[in-house]
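**Student:**
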Amino acid sequence: GIYVVGFFFPVVPQGQARIRVQISAVHEKEHLDKAIEAFKKVGEKYKILGKKKEEIIAMYGL
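So the mapping is simple: this note's numbering equals the position in the sequence shown, first residue as 1, plus 288.
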């Protein structure tokens with residue numbers, strides 16, 4: 289699996305949610321490829337790839 293931490297209001301300002309990942313020297317290219325594919329899969333599922341922040345907020349009311 290891939291472990292990430294989500295930050296959203298009230299930890300960050302409204303509309304500025306983010307996901308934190310930590311990469312270290314022990315990660316190999318295969319690890320990074322797996323993480324990228326996982327993010328891509330989620331982006332495709334929620335139809336947010338290539339969209340601006342404002343468009344995503346309008347879609348999901350975040």
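All C-beta atoms in this analysis are idealised placements derived from N, C-alpha and C, irrespective of residue type, glycine included. Quick caveat, the model's predicted, so the values are computed rather than measured.
In the DSSP assignment, find the alpha helix (DSSP H) that holds Phe-297 and state where it starts and stops.
**Tutor:** Careful: Phe-297 lies outside any alpha helix (DSSP H) and carries neither H nor E.
**Student:** Ignore the nearest five residues each way along the sequence and tell me which others in Arg-306's own chain have a CB closer than 6 Å to its CB.
**Tutor:** Cβ within range, chain order: Phe-295.
**Student:** Residues in its own chain within less than 8 Å of Leu-337 by CB, not counting five upstream and five downstream?
**Tutor:** Closer than 8 Å at Cβ, skipping near neighbours: Lys-328, Gly-331.
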